[in-house]
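S.K.: Under the UniProt record's numbering, read the sequence shown as residues 1 to 790, first letter to last. Beta carbons are placed, not taken as given, at the ideal position from N, Cα and C, and that holds for glycine. Computed from a prediction, not measured in an experiment: that's the story for all the values here.
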Amino acid sequence: MQQMQHDQDYKLKDTTPQLGERWTVGGGSILGNGEKYTSTYDLVEQIHYLYIRVVKAKELPTNVITGSCDPYVEVKLGNYKGRTRHFEKKPNPEWNQVFAFSKERIQSSLLEVFVKDKEMIGRDDYLGKVVFDLNEVPTRVPPDSPLAPQWYRLEDRRGEGKVRGEIMLAVWMGTQADEAFPEAWHSDAAAVHGEGVFNVRSKVYVSPKLWYLRVNVIEAQDLQPNEKGRSPEAFVKVQLGNQVLKTKICSTRVSTPFWNEDLVFVAAEPFEEQLLLTVEDRVTPTRDDVLGKIVLPLTLFEKRMDHRPVHSRWFNLEKFGFGVLEADKRKELKFSSRVHLRVCLEGAYHVLDESTMYISDQRPTARQLWKQPVGILEVGILSAKGLLPMKSREGKGTTDSYCVAKYGQKWVRTRTILDSFSPKWNEQYTWEVYDPCTVITLGVFDNCHLGSTEKAPSVGAVARDSRIGKVRIRLSTLEADRIYTHSYPLLVLHPSGVKKMGELQLAVRFTCLSIAHMIYIYGHPLLPKMHYLHPFTVSQLDMLRHQAMNIVAARLGRAEPPLRKEVVEYMLDVDSHMWSMRRSKANFFRIVSLFSGFISIVKWFTDICHWRNPITTVLVHVLFLILVWYPELILPTVFLYMFMIGLWNYRFRPRHPPHMDTRLSWAEAVSADELDEEFDTFPTSKPQDIVRIRYDRLRSIAGRIQTVVGDIATQGERFQSLLSWRDPRATSLFILFCLIAAVVLYVTPFRVVALVGGLYTLRHPRFRSKLPSVPSNFFKRLPAKIDSML
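And the structure:
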């Protein structure tokens, strides 16, 4: 009984939240074809808020002693107080801040807006107030026009008369669909004051536009080594920001070395770094002399949209003295040599910053190459429940949670709900979908940047937002226009084992805009065609993905509020390539599970041969004689059989998206020693030098084996998903193909089919395309159990 309850805790649970009506927000999103799609807020519970927009004030009185005024506004509703920032020496301030109070928590019928003068020492001076009766506050329903603010005369402390000064306000009742909601101060954040309120607001982020920068180093001329009389052993070092790559040392010692090597970097737009290129001479294994260098802005280079060659250019290298004593020589540019380069920004590739297994976007960098969207993804982030305490504050455990969702270039972050183990966000977001075979990732985190806690980081350490759990949903596993409401368990692997951190309640809907376009996509390559015409090596892709993740984390970390590095890395699976005995065993048993079906067929055939069931054996003999007598029926029978199996399995099709499976991931059966190895640093922190070398070598090799084994398992699982209705569109296409193939093969002589198939397989290379075939593209888009792996 306990084991059954334990298993149930790790499963998806159907929920029946009180979703809102189909009410809309003005604006919507503009699709690529110019049509307007109006996002709906019917996937979340409709929650009412009291909004107060504090715009500005004028003619405020000055302090008699100081002769100045440092005003701020305090909004009070019952026990809740919100405060604007203050301005120094400004009697006519402009705040333009919005405050939102949840209607559920309103404990008073009066709203008081105070204007005060901030004093450095002592009590702040009272300048005046405005009082509102909540029964008279108007209700605004989107997409109504925003409520116009009005000027209000300030009253004295007792409300018996007017005082000098006026304040411009707007007060109304609205919902989370209001355009003021994302930027508002919320009563849930009442414990956060001042500028700290920005850390709890909801926010939409956009990943920087990433390019592959290809630097083809061809040759150099007239290199002059520092030591007279020796021929240089030249190589080129190219640096872009923190990325440094080098060519090989030219095999011939000449003053005109030739390399013709491609060096590829990741660059983010807007381009902030410049390309630094130095030609160096390998004098000794520990000493390299600089023969010349050049700094080039990235805006100088062409943006290539296809595989056509780019014109090469010669660049003069600069060489001058280094050091304090030779400062005067810096102004004296001495022509030393020149280098021949072919440099371009690749716009026809998709810059990978996430694993291809969980990819959420396959569009090329260049916007001119984008296709029309095929669907709309709407996600309602409703709530979480049963969250565990992540830190201590005032002697008790607490959690300040927020949720992050990432799909394509758009990241969203909900507001932070303070001190709650069952937070309710009820925020809805929309994405345009360009390919259904993509994955949206959602993560829940504890905000550790809201003030001091009892477990504050040590001196010099940086507070990091703690992971609470992650959810992945593959869009191709969703039926179109159906609302999925599930509670997803938040599972995290700790050094002590797998732990359920709580549950995340979501409402998801995938809307198809064009069935024909979506079916068309299933037969096309997963990535842009340049990935197949001029592919990168596996090591190149790993290195470039690591650089892309660092750039994305750095750029998003500069937003306000920042999306911190630890959050971005967790969402992008930065450590997915690390060695893990647990993952290796899980992938091994995935393969074993695949072969169990083949073993079952062999066992069934053995039973037939041994006449365990005479009736079945007689039927198999009859079928065998028919197929031998009429061989042209073999293939039609096979395809018709698969068609019937597909229809039969329709009754048992999955009714909810896949999720993390602790048994599939072998997270429940992992030993303490294996967990210690999985959470060990890389390189290992073990003290013995010999053990460190051997251990790291083993982990590196085993990590590659682990990836290969996982890929094999994924391919087999894709075969299983052909008829499982895991991807309803793919299964529909496949069984329709099986029916058509059965009919065609029935009316076509078998010899003709065999002849055409054999000649097509043996066709000349000039009739072959470098792009993958339609069956290959279709197969690569099929879902696998990798989506459910921890």
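Between L739 and the rest of its own chain, which residues show a CB-CB distance below 7 Å, the 5 nearest in sequence each way excluded?
M.R.: Counted from its first residue, the sequence shown places residue 739 at position 739. If we look at L739 and ignore the five residues flanking it on each side, its Cβ neighbours are F643.
S.K.: Near T15, which residues of its chain fall below 7 Å by C-beta distance, leaving aside the five closest residues on each side in sequence?
M.R.: As a position in the sequence shown, residue 15 is number 15, starting the count at 1. Around T15: T485, H486, S487, Q505.
S.K.: Would you identify the three-state DSSP class for G347, choosing helix, strand or coil?
M.R.: On the sequence shown, position 347 is the one that residue 347 refers to. Note: G347 maps to coil in three-state DSSP.
S.K.: Using DSSP bridges, identify the partner residues of G408.
M.R.: Against the sequence shown, residue 408 aligns to sequence position 408. Paired residue(s): none; G408 is not in a bridge.
S.K.: Nearest by alpha-carbon distance to S109: which of G78, K129, L490, D400 is it?
M.R.: Here residue 109 is taken as the residue at index 109 of the sequence shown, counted from 1. Cα-wise, what sits closest to S109 is G78.
S.K.: With a CB to CB cut of under 7 Å and the five nearest residues on each side skipped, what residues in its chain are close to S576?
M.R.: One-based indexing of the sequence shown puts residue 576 at position 576. Around S576: S355.
S.K.: Please state if the CB of M357 and the CB of L491 are separated by a distance shorter than 7 Å.
M.R.: Counted from its first residue, the sequence shown places residue 491 at position 491. Counted from its first residue, the sequence shown places residue 357 at position 357. No, Cβ-Cβ distance for L491 and M357 is not below 7 Å.
S.K.: Quick one, are the C-beta atoms of G380 and A507 less than 7 Å apart?
M.R.: Within the sequence shown, residue 380 is the residue found at index 380, counting from 1. Within the sequence shown, residue 507 is the residue found at index 507, counting from 1. Their beta carbons are under 7 Å apart, which means G380 touches A507 by this criterion.
S.K.: Flag this pair as touching only if the stretch 236-250 and the stretch 517-535 have three or more C-beta atom pairs under 8 Å; answer yes or no.
M.R.: Touching, no, given that fewer than three Cβ pairs across the two stretches are closer than 8 Å.
S.K.: Is E59 closer than 7 Å to G128 when the C-beta atoms are compared?
M.R.: Looking up residue 128 in the sequence shown gives position 128. Looking up residue 59 in the sequence shown gives position 59. No, they are not a contact pair.
S.K.: Please report the distance separating the alpha-carbon of W648 from that of A784.
M.R.: Numbered from its first residue, the sequence shown carries residue 648 at position 648. Numbered from its first residue, the sequence shown carries residue 784 at position 784. Going from the Cα of W648 to the Cα of A784 covers about 21 Å.
S.K.: Evaluate contact between the stretch 773-783 and the stretch 717-732, counting only Cβ atoms and requiring at least three cross-stretch pairs below 8 Å.
M.R.: Touching, yes, given that three or more Cβ pairs across the two stretches are closer than 8 Å.
S.K.: Entirely within the stretch 470-549 and at least 4 residues each: give me those alpha helix (DSSP H) ranges in chain order.
M.R.: The stretch 470-549 contains these whole alpha helix (DSSP H) runs: 515-521, 530-533.
S.K.: Please name the residue in R768, G646, L771, S773 whose C-alpha comes closest to that of R729.
M.R.: The residue you call residue 729 lines up with position 729 of the sequence shown. Among R768, G646, L771, S773, the Cα nearest to that of R729 is on G646.
S.K.: Are the stretch 176-183 and the stretch 147-157 touching by the rule of at least three beta carbon pairs closer than 8 Å?
M.R.: Segments in contact, no.
S.K.: Identify the continuous beta strand (DSSP E) that holds Y152 and give its terminal residues.
M.R.: Locating residue 152 in the sequence shown gives position 152, counting from the first residue. Looking at the DSSP string, the run of the beta strand (DSSP E) that includes Y152 is 150-155.
S.K.: Within the chosen definition, does the stretch 540-556 reach the stretch 204-221 through at least 3 CB pairs nearer than 8 Å?
M.R.: Yes: at least three Cβ pairs fall under 8 Å.
S.K.: Rounded to whole angstroms, what is the Cα-Cα separation between R663 and E678?
M.R.: Here residue 663 corresponds to residue number 663 of the sequence shown, with the count starting at 1. Here residue 678 corresponds to residue number 678 of the sequence shown, with the count starting at 1. So the two alpha carbons sit approximately 17 Å from each other.
S.K.: Excluding sequence positions up to five away, which residues of its chain have a Cβ less than 6 Å from the Cβ of L147?
M.R.: The count along the sequence shown starts at 1 and reaches residue 147 at position 147. Correct list, in chain order: R140, A170, W172.
S.K.: What is the rounded straight-line gap between the Cα of residue 791 and the Cα of V602?
M.R.: The chain is shown from 1 up to 790; residue 791 falls before or after that span and cannot be answered.
S.K.: List the residues that DSSP assigns as beta-bridge partners of T139.
M.R.: Within the sequence shown, numbered from 1, the residue matching residue 139 stands at position 139. Bridge partners of T139: M173.
S.K.: So for N79, helix, strand or coil by DSSP?
M.R.: Position 79 of the sequence shown, counted from the start, is the residue given in the question as residue 79. Coil, per DSSP.
S.K.: Identify, in the order they occur along the chain, each residue of the same chain with its Cβ nearer than 6 Å to the Cβ of E94, setting aside the five sequence neighbours on each side.
M.R.: By 1-based counting over the sequence shown, the position of residue 94 is 94. Contacts found: K56.
S.K.: Within its chain, find whatever has a CB closer than 8 Å to the CB of K770; leave out the 5 residues flanking it on each side and keep chain order.
M.R.: If you number the sequence shown from 1, residue 770 lands on position 770. Counting only Cβ-Cβ distances below 8 Å, and skipping sequence neighbours, we find Y532, L533.
S.K.: In this structure, does DSSP put N216 in helix, strand or coil?
M.R.: To locate residue 216, count along the sequence shown from 1; it is residue 216. Three-state DSSP puts N216 in a strand.
S.K.: Taking only beta-carbon positions, decide if Y349 is within less than 7 Å of chain C.
M.R.: Looking for chain C here will not work: only one protein chain is present.
S.K.: Using the Cβ count rule (16 or more neighbours within 10 Å means buried), how would you classify Q221?
M.R.: Stepping through the sequence shown from its first residue, residue 221 is reached at position 221. With fewer than 16 Cβ atoms within 10 Å of its Cβ, Q221 is classed as exposed.
S.K.: Under three-state DSSP, which class holds E59?
M.R.: Working through the sequence shown from its first residue, we reach residue 59 at position 59. E59: coil per DSSP, three-state reduction.
S.K.: How far does the alpha helix (DSSP H) with E566 in it extend, from its first residue to its last?
M.R.: What you label residue 566 is simply residue 566 of the sequence shown in a count that begins at 1. Its alpha helix (DSSP H) spans residues 565-571.
S.K.: Keeping to the same chain, check which residues put their C-beta closer than 7 Å to that of P17; ignore five residues upstream and five downstream.
M.R.: One-based indexing of the sequence shown puts residue 17 at position 17. Here the set comprises E45, L382, T485, Q505, A507.
S.K.: Applying the 10 Å Cβ sphere with the 16-neighbour rule, what's the burial state of R768?
M.R.: Residue numbering aside, residue 768 sits at position 768 when the sequence shown is read from its first letter. Looking at its Cβ environment, which holds fewer than 16 other Cβ atoms inside 10 Å, R768 is exposed.
S.K.: Pairs of beta-carbons, one from the stretch 212-232 and one from the stretch 336-343, closer than 8 Å: are there three or more?
M.R.: Yes, the stretch 212-232 is in contact with the stretch 336-343.
S.K.: Between which two residues does the beta strand (DSSP E) holding I786 run?
M.R.: Along the sequence shown, one-based indexing puts residue 786 at 786. Run containing I786: none; DSSP gives neither H nor E here.
S.K.: From the DSSP output, read off the bridge partner residues of M168.
M.R.: For the purposes of this step, residue 168 is identified with residue 168 of the sequence shown, where counting begins at 1. Bridge partners of M168: K56, W151.
S.K.: If you drop the 5 nearest sequence neighbours on each side, which residues of the same chain put their C-beta closer than 6 Å to that of P775?
M.R.: In the sequence shown, the residue the question calls residue 775 occupies position 775. Same-chain partners within the cutoff: there are none.
S.K.: Ends of the alpha helix (DSSP H) at P614?
M.R.: Reading the sequence shown from its first residue, position 614 is the one you call residue 614. From DSSP, the alpha helix (DSSP H) with P614 extends over 614-629.
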